[in-house]
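Numbering (the working numbering), first residue to last: 6 to 498.
Below: one structure, written as structure tokens.
Listed below in structure tokens is the structure:
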């Protein structure tokens with residue numbers, strides 16, 4: 006790891022040891038499991054620049070560590086240190102290590118193994134005030150191993166003249182966060198490159214290194230180290246996210262299966278309650294019809310029981326309808342004669358309307374186009390709208406069912422002369438389990454599900470439903486808009 010004499014003023018003042026001035030060469034490359042990273046290609050220098058013969062580096066090409074730069078003090082070759090340094094300038098300074106072992110929070114943490122004490126002194130002097138690189142210099146592999154165990158480094162710099170240098174590589178690889186390795190290899194011993202493990206991410210340089218080249222090399226290696234760490238962290242996060250996603254999907258499937266089982270059991274229970282409630286309602290209806298001869302207290306009890314069972318029956322019917330429309334993703338489309346359907350619904354509700362002296366009107370044009378819809382769901386929607394209109398219309402009022410077709414859309418409007426709606430009622434009328442501010446005029450049961458079911462049926466057909474009212478006591482109108490053909494055909498409703 007011998008720096009040039011001009012870069013080591015402190016070392017030069019000491020009793021002189023032999024230090025070669027004519028370097029063999031410098032080569033720089035990065036390699037690892039993910040491939041190789043190299044500096045920008047350098048154009049041929051002028052003849053006045055100090056270089057070595059490129060032919061001396063040709064044998065290195067057989068190794069996976071590609072030759073990308075060279076330096077020497079000789080004057081008859083192809084690639085110069087000035088151009089090498091210019092290329093290394095493109096390497097951005099590496100962000101500081103999170104935990105620097107050298108006492109400088111802003112430093113790149115580098116461990117340098119150098120047996121020559123003069124060179125160690127020169128290195129410490131040069132990097133003492135360096136703004137981005139902090140170093141720990143040791144003289145033996147044993148001390149280096151101890152430092153690796155105690156601190157985390159971004160870069161480890163060693164050379165093949167260090168005893169047990171392969172053991173140093175193994176020790177570095179055993180770290181929880183392995184550092185990048187800078188291995189100095191004399192050009193004459195380039196065959197040592199074959200000994201580097203394939204999984205080692207290393208920068209390979211030939212010695213000696215000028216200090217400025219060593220700086221750039223450490224920065225380049227630290228950048229490689231940080232990028233590798235980031236890549237590994239990203240891969241780990243991706244694995245963690247994938248595991249979490251799989252767990253969530255598995256949990257969701259289990260919850261869906263459990264919910265389906267609970268829904269099925271609930272549907273069965275609700276369905277099985279229909280017959281007992283129908284029998285109870287018939288019995289209470291008979292008692293209610295003969296309650297005039299009973300004492301007032303008993304007659305009131307029968308009336309209350311009769312209304313309670315009516316509410317239970319209405320709730321069961323609405324819950325079954327809710328299960329049907331809420332679990333339906335596709336509907337059975339078939340041609341529907343809307344005029345006939347509207348007249349049928351009006352006749353079915355005539356007895357209920359007669360009991361409250363309410364008149365039901367049906368207004369249809371002479372000719373109506375055939376609508377393509379799910380007839381059973383369309384009947385349910387119209388039933389709910391007509392039932393709701395009768396429920397909130399006082400005796401002597403009227404309910405009108407209007408039908409018209411316009412530009413590919415069918416409009417079914419149920420209008421009443423009832424209690425009307427407030428602005429809050431209009432804003433929340435179609436929410437699930439939402440009851441209106443007014444109360445049914447004949448004591449009829451209300452579950453808060455009827456209008457929500459109408460909205461769901463409209464959505465399944467690609468249509469919509471909306472309510473209008475001039476205000477309290479001024480009646481209401483509910484309009485169901487459906488496409489005549491398939492959802493999304495025609496113009497906007």
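From the three backbone atoms N, C-alpha and C, an ideal C-beta is built for every residue, glycine too.
Please read all numbers here as calculations on a predicted model, not as lab measurements.
Q: Would you grab the beta carbon distance between residue 141 and residue 116 for me? Rounded to a whole angstrom, and I think it's under 8 Å.
A: 5 Å
Worksheet entry | residue 69 - DSSP class collapsed to helix/strand/coil | Because the pLDDT of residue 69 is 35, which lies under 50, any placement of that residue in the model is unreliable, and the number read from its coordinates should be weighed accordingly. Residue 69: coil per DSSP, three-state reduction.
**OP:** Write down the C-beta distance between residue 337 and residue 363 rounded to the nearest angstrom, noting that I regard them as a contact closer than 8 Å.
**Re:** Residue 337 to residue 363, Cβ: 33 Å. No contact.
| message | Pull the bridge partners of residue 488 from the DSSP assignment, please. | response | 414
- Task: Identify which residue in 197, 239, 200 and 312 has its Cα closest to the Cα of residue 449.
- Result: 312
*asked:* Which same chain residues end up closer than 6 Å to residue 316 when comparing Cβ atoms and leaving out the 5 residues on each side of it in sequence?
replied: 450
So, helix, strand or coil for residue 116, using DSSP? strand
| field | Nearest neighbour of residue 357, chosen from 446, 251, 380 and 466 [CA to CA] | value | 446
Q. DSSP three-state call for residue 201: helix, strand or coil?
A. coil
Next on the checklist: So residue 404 and residue 365 are supposed to be a Cβ contact under 8 Å. How far apart are they, rounded?
Outcome noted: 5 Å
Scan the segment 271-352 and note each continuous beta strand (DSSP E) run of 3 residues or more that stays entirely inside, going in chain order. 339-341
Original post:
Taking the continuous alpha helix (DSSP H) assigned at residue 130, which residues delimit it?
Top reply: 122-132
In this structure, how does DSSP classify residue 228 when only helix, strand and coil are distinguished? helix
Start and end of the beta strand (DSSP E) containing residue 135?
Element bounds for residue 135: n/a, residue is neither H nor E.
| query | Short check: CB of residue 387 to CB of residue 350, under 8 Å? | reply | yes
Q | Cβ-based burial, residue 393 [other Cβ within 10 Å; buried from 16] | A | buried
Is it true that the CB of residue 420 sits closer than 8 Å to the CB of residue 409? no
Here's the rule I'm using: 16 or more other beta-carbon atoms within 10 Å means buried, otherwise exposed. How should residue 273 be labelled?
exposed
Legend entry - Euclidean distance between Cα positions of residue 384 and residue 391: 11 Å
- Item | Range of the contiguous alpha helix (DSSP H) that encloses residue 176 | 170-178
DSSP bridge partner residues for residue 139 (one or two, in chain order): 114
Per DSSP, residue 364 forms a beta bridge with which residues? 403
Checklist line | Cβ shell of residue 159 (< 6 Å), same chain only, five flanking positions each side left out | finding: 102, 113, 114, 184, 227 and 230
Discussion item. If you measure between the beta carbons of residue 453 and residue 438, is that distance less than 8 Å?
Written reply: yes
- Query: What number of angstroms, rounded off, separates the C-alpha of residue 187 from the C-alpha of residue 127?
  - Reply: 19 Å
Take the Cβ of residue 381 as the centre, count every other Cβ of all protein chains shown within 10 Å, and call the residue buried at 16 or more, exposed below. exposed
Under 8 Å Cβ to Cβ from residue 344, same chain only, skipping five residues before and after it: list those, please.
369, 373 and 408
Please report how far the alpha carbon of residue 471 lies from the alpha carbon of residue 460, in whole angstroms.
9 Å
query = Does DSSP classify residue 466 as helix, strand or coil?
reply = coil
> Where does residue 56 land, buried or exposed, given buried means 16+ other C-beta within 10 angstroms?
Replying inline: Legend: pLDDT at residue 56 = 39, less than 50; position of this residue unreliable, value from coordinates given subsequently. With 16 or more Cβ atoms within 10 Å of its Cβ, residue 56 is classed as buried.
Legend entry - For residue 243, the three-state DSSP class (helix, strand or coil): helix
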